[in-house]
Amino acid sequence: MMTGHIPELLELALLTTNPYDFPMCSMGKIVVASIDDKVELEATDNAIDILGFSHEEKMSIYKMTGAVLHHGNMKFRQKQREEQAEPDGTDGLMENHLVIHQLRCNGVLEGIRICRKGFPSRILYADFKQRYKVLNAGVIPDGQFMDNKKASEKLLGSIDVPHDEYKFGHTKVFFKAGLLGTLEEMRDEKLASLEGDNLTDAEERCEGLIKSKIQMEAKLKETTERLEDEEEMNAELTAKKRKLEDECSELKKDIDDLELTLAKVEKEKHATENKVKNLTEEMASQDESVAKLTKEKKALQESHQQTLDDLQAEEDKVNTLTKAKTKLEQQVDDLEGSLEQEKKLRMDLERTKRKLEGDLKLSQESVMDLENDKQQSDEKIKKKDFECSQLLSKIEDEQSLGAQLQKKIKELQARIEELEEEIEAERAARAKVEKQRADLSRELEEISERLEEAGGATAAQIEMNKKREAEFQKLRRDLEESTLQHEATAAALRKKQADSVAELGEQIDNLQRVKQKLEKEKSEYKMEIDDLSSNMENVAKAKGNLEKMCRTLEDQLSELKTKNDENVRQINDTSSQKARLLTENGEFSRQVEEKEALVSQLTRGKQASTQQIDELKRQIEEEVKAKNALAHGLQSARHDCDLLREQFEEEQEAKAELQRGMSKANSEVAQWRSKYETDAIQRTEELEESKKKLAQRLQEAEEQIEAVNSKCASLEKTKQRLQSEVEDLMIDVERANGLAANLDKKQRNFDKVLAEWKQKYEEGQAELEGAQKEARSLSTELFKMKNSYEEALDHLETMKRENKNLQQEISDLTEQIGETGKSIHELEKTKKQVETEKTEIQTALEEAEGTLEHEESKILRVQLELNQIKGEVDRKLAEKDEEMEQIKRNSQRVTDSMQSTLDSEVRSRNDALRIKKKMEGDLNEMEIQLSHANRQAAESTKQLRNVQAQLKDAQLHLDDAVRAQEDFKEQAAMNTSLVNTKKKLETDLVQVQGEVDDIVQEARNAEEKAKKAITDAAMMAEELKKEQDTSAHLERMKKNLEVAVKDLQHRLDEAENLAMKGGKKQLQKLESRVRELEAEVEAEQRRGVDAVKGVRKYERRVKELTYQTEEDKKNVARLQDLVDKLQLKVKAYKRQAEEAEEQANTHLSKCRKVQNELEEAEERADIAESQVNKLRAKGRDSGKGKEAAE
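Letter by letter, the sequence shown follows residues 1 to 1190 in the UniProt record's numbering.
What follows is the structure, encoded as structure tokens:
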């Protein structure tokens, strides 16, 4: 202050720049070579600012120091600067109540009071409960509230500690010296055991991470290989699809051409029908003329008796007329033959027309099915896109979690760096303490020298005392600086604690958000399940409605059958009427023989009929040409169908290659194959039975033909009489044929309606099956989501536990910070209690030695444990590598077995295709034989024409049914293969999702590693705290030394008094005491060096931890890359799964169509058989009627 560096202080404290004006400062040497007064003044001013004093408080401090200087200015009898100064009898200006107030405010009186009672250490109840709860956590329940005082009483009662060593106050617990140290040791041992448990958990997690990593790499290789194979197959399938589309467009063009030709043929058919109508009208006119002739016949019978004479001449004329009549009958027979041929051609045209109409309908239905399949595939694609977006959102959440982990690791690294800086600060503080010790040792040497020289000059002793007081003031300043630094470090630690608490809160918020997302997804899946259940109920209702419709249609069928029976009865009535007309016609024919006038009319009719016959021949030739064109078109269409079948078989073979690696599906394929082989055998047996039936029917028809021929031979005699009646019967037959055709049309329409309803029913069943499959898939997905939700809950619980642990560590840190503040406060108190702690110097030194040895033993234990952990980790890694190699070998064996089973499956499938081709050849031969039989039956008789046409239709339906059955088999095989591929892709998807879960688990393990690093950092912080405790202990030793120095000063004063009296013995004793203190200081210096070595070891440990954290960061980055790659693969697998589902849906629709066609063909065959049986019965009835007529 008196240097004048801060001039305001001189005016404030009323001081001068001359130090000799104040005898308390200028009794000896006032200049020290190693100390600059200006620098010291600036340091003290900065220290006061750091401590947080206001400007007014700082000025009051300076005023107090000035008052102390003024207080030392007393009046003396003699002048100043003399050897002996005595007071002149005036009283000092000391105010007692102010001095006591200052001592009370500084805590000196309280410290003296506590030290008298023997309880120097004290802690608040809340702080004691929070810090030492670890020793026996079961005493204090977690969920219940308990008073801090009661909790601390229970805690101390449960711990094995002598109860005389502590006492309870109103707000604090008081301890005797050394009890807090034992409590701290017990706490350190408890924490060490907990850390050992955490280390074992971390080892297990590391092992799990390594296993999952190896499994994930193996799965990655498998998935990449599968991806490549499936991409190749996808490209081939797309090329084949394009070819099929081109061929479909060509077939549509051919169908259009055939429709044009059909229209032309129908026009020609209408023209021929008009001509036939004209002919029938002419026949009717001839019938009228016949009726007129009968009337004339009656008139002639009256004149018959008159013309008996002219009979002979008339008989000659009759002979000539009979010859003309035979000629006309021959012409009529020719006309009838041409009419029959024309009817055959007409029937053939109708058959071709029906075939083309059926093909057209099939093609239109296939187009509609393709459009429906396209719409279904678009809907499925939309669903899959939505699922992909959900998966992407989940993956983004996982990535955000990884980023948060990386942020945590960076923050931990920053915290480790800050801890290193704090360690360096502690080193600097220790260096300062060592310097102060060296200064003290020097001062002790100087004191010893001065003691030797103390016999002569008391003034020199007074100067030495002043110098010592100045040095003590410097030491006090150093202590204040160290306390300021400790408070700054405590504030920094508090800030760090607040930051870590905020980060933990953010983590908890993120976990709650993830939980909310999972709950939302769960609710969405529940809504989807409810929608599916409602759809199932609608499908069930639709099914019931369809069954009702089927029942109504069956009732209509029964009504139609009754109507058909009535028509049959009407036909029988007409046949009986026909027999009557025949008898009447016989009588009229006798009358016709007598007429000559009819000859001219018949010749005219003959000429007209010849002209009509020529025209009909021309029309027949044109129809034959059109028929040939249609046959050519049919052959080309069949050729195109064969090409399409070959392409379809090639596609089947290509898709069969996709079935590699499908060992699970072999049993199902075998079951389907056996089922369809048995069905095929049953179908072939049914076809053979139908063939035998047809052969029997043909034999019966041939027998009937022979009977008819015999009857024709017998009826040739009566042919002249029955000619006119035959023409009438032809008209009736044509009418009956028209009625039968109308009935056939109605029957076909009814069949179409039935087929449509059956198709709708099957589509409803297919939709029901699809809905059930979707419900199953959704249930599996729900199960997976439940598992993931449970895992997330488990993860949340672990995070909560870790959060609690971190909160406990934070509370420990806060307790440590509070303890450091308390230790600083205690240091200030112990500074004032120096005189009372003389006896505790030796015990404090022994405690310091014990703590240092304890720390060294701990460091050795930690190093040994680390070496053991490293050895165990290496050994476990080697074992895991061996297990992974064994797993790879097993997987290779499994793939080899799957390949062999696939090869055998391909061979069996080729054999089945050969058998199928043989069956097709046999069927074609049967078709040829049936067509020959039908032609012979058509040429044999008019009565069997309708039967033959219906048999041909039945044969065509049977052929279509066989082909449809074969297509159905192929489609079913394709469907099973596609279903198996779909299942395989689903399993692959599940595997990839499991891999993603494993990666997420690895990320969690990385988080746990980061947490482990946090715990390591906390351990380092605790070690730092221990080092700080040791430094605090050293500071206590320093204070004790200061007390010793003060004691020496006191003794020096006594020695001065004794020197005045001549007591050299006491000087020798003091010298020996000084030597002992010097030895103690040297030992303390050695301990400080050992502590510095321990700090270096801890620095190495910190560096190792930083290296481990860097490796953890690298591992996390690698895992992130793997997650990205797996996400891309998951997307590719999803696309393939969607394509496979589309193909499966198309094949399912085709299979349904084929089933519908088969059922329709079987129904038509049954209807044809019933009609054939009815016609046979009619033929037999007509034959019996004719025989009866004869």
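Note that CB positions come from ideal geometry on N, CA and C, so glycine has one too.
Original post:
Does the separation of the CB atoms of methionine 216 and leucine 1122 fall below 8 Å?
Top reply: yes
Original post:
What residue does the alpha helix (DSSP H) around phenylalanine 128 start on, and which one ends it?
Top reply: 125-132
Original post:
Is asparagine 1145 near aspartate 373, with beta carbons less than 8 Å apart?
Top reply: yes
**OP:** Would you tell me roughly how many angstroms separate the C-alpha atoms of threonine 182 and asparagine 805, rounded to the nearest one?
**Re:** 24 Å
**OP:** Express the C-alpha separation of glutamate 282 and aspartate 316 in angstroms, rounding to a whole number.
**Re:** 31 Å
Original post:
Based on the DSSP output, what are the partners of serine 121 in its beta bridges?
Top reply: Phe175
Subject >> Where phenylalanine 783 sits in the DSSP three-state scheme >> reply: helix
Original post:
Tell me which same chain residues have a C-beta within less than 8 Å of the C-beta of methionine 799, skipping the five on either side of it?
Top reply: Gln507, Ile508, Leu511
**OP:** Determine, using beta-carbon pairs with one atom in the segment 1098-1106 and one in the segment 409-423, whether at least three such pairs fall under 8 Å.
**Re:** yes
Subject >> Identified DSSP bridge partners for lysine 466 >> reply: Looking at the DSSP assignment, lysine 466 forms no beta bridge with any residue, so it has no partner.
**OP:** Express the C-alpha separation of leucine 391 and glutamate 521 in angstroms, rounding to a whole number.
**Re:** 12 Å
Subject >> Residue nearest to arginine 437 in terms of C-alpha spacing, selected from Glu703, Asp874, Gly1088, Asp1124 >> reply: Gly1088
Original post:
Of all the alpha helix (DSSP H) runs that stay within the bounds of the segment 215-296, which reach a length of 4 or more residues?
Top reply: none
Subject >> Test item: CB-CB of leucine 335 and lysine 269 under 8 Å >> reply: no
**OP:** Using 10 angstroms around the beta-carbon of glycine 143, count the other beta-carbons present and answer buried if the total reaches 16, otherwise exposed.
**Re:** exposed
Original post:
How many angstroms separate the CA atom of leucine 1128 from the CA atom of methionine 785?
Top reply: 21 Å
Original post:
Relative to the C-alpha of leucine 339, which residue among Tyr125, Glu734, His639 is closest?
Top reply: Glu734
Subject >> Reduced DSSP category for phenylalanine 53 - H, G, I as helix; E, B as strand; rest coil >> reply: coil
Original post:
In its own chain, which residues sit with a C-beta less than 6 Å from the C-beta of valine 604, not counting the 5 before and 5 after it?
Top reply: The question names valine, but residue 604 in the sequence shown is arginine. Cβ within range, chain order: n/a, list empty.
**OP:** State the Cα-Cα distance for the pair arginine 893 and glycine 208, rounded to the nearest angstrom.
**Re:** 25 Å
Subject >> Three-state secondary structure (DSSP) of phenylalanine 168 >> reply: strand
**OP:** For glutamine 364, collect the residues of the same chain with a Cβ closer than 7 Å to its Cβ; drop the 5 residues on either side in sequence, then sort them by chain order.
**Re:** none
Subject >> Boundaries of the alpha helix (DSSP H) in which lysine 7 is found, first to last residue >> reply: Just to set this straight, residue 7 is proline in the shown sequence, not lysine. First-last of the alpha helix (DSSP H) with proline 7: 7-13.
**OP:** Pick helix, strand or coil for methionine 347, following the three-state DSSP scheme.
**Re:** helix
Subject >> Under the three-state DSSP convention, the category isoleucine 140 falls into >> reply: coil
**OP:** Since I believe glutamate 1163 is in contact with aspartate 751 (beta carbons under 8 Å), could you give me their beta-carbon distance rounded to a whole number of angstroms?
**Re:** 6 Å
Original post:
From Lys1125, Arg513, Glu762, pick the residue whose C-alpha is nearest to that of alanine 542; which is it?
Top reply: Glu762
Original post:
Does DSSP put proline 19 in a helix, a strand or coil?
Top reply: helix
Subject >> N- and C-terminal bounds of the alpha helix (DSSP H) containing residue 1193 >> reply: An answer regarding residue 1193 cannot be provided, because it is not within the stretch 1 to 1190 covered by the chain.
**OP:** With DSSP as the reference, label isoleucine 423 as helix, strand or coil.
**Re:** helix
Original post:
Just the Cα atoms here: how many angstroms apart are lysine 435 and arginine 1086?
Top reply: 13 Å
Subject >> C-alpha distance - lysine 325 paired with aspartate 287, whole-angstrom precision >> reply: 16 Å
Original post:
Looking at the structure shown, is valine 306 part of a helix, part of a strand, or coil, going by DSSP?
Top reply: With the sequence shown as reference, residue 306 is identified as glutamine, and valine is not the correct amino acid for it. The answer is coil: DSSP assigns glutamine 306 none of H, G, I, E or B.
Subject >> Where aspartate 359 falls: helix, strand or coil (DSSP) >> reply: helix
Subject >> Spatially closest choice to residue 1191 from Ala218, Glu1160, Val265, Asp49, by CA coordinates >> reply: Because the chain is modelled from 1 through 1190, residue 1191 falls outside the range shown and cannot be assessed.
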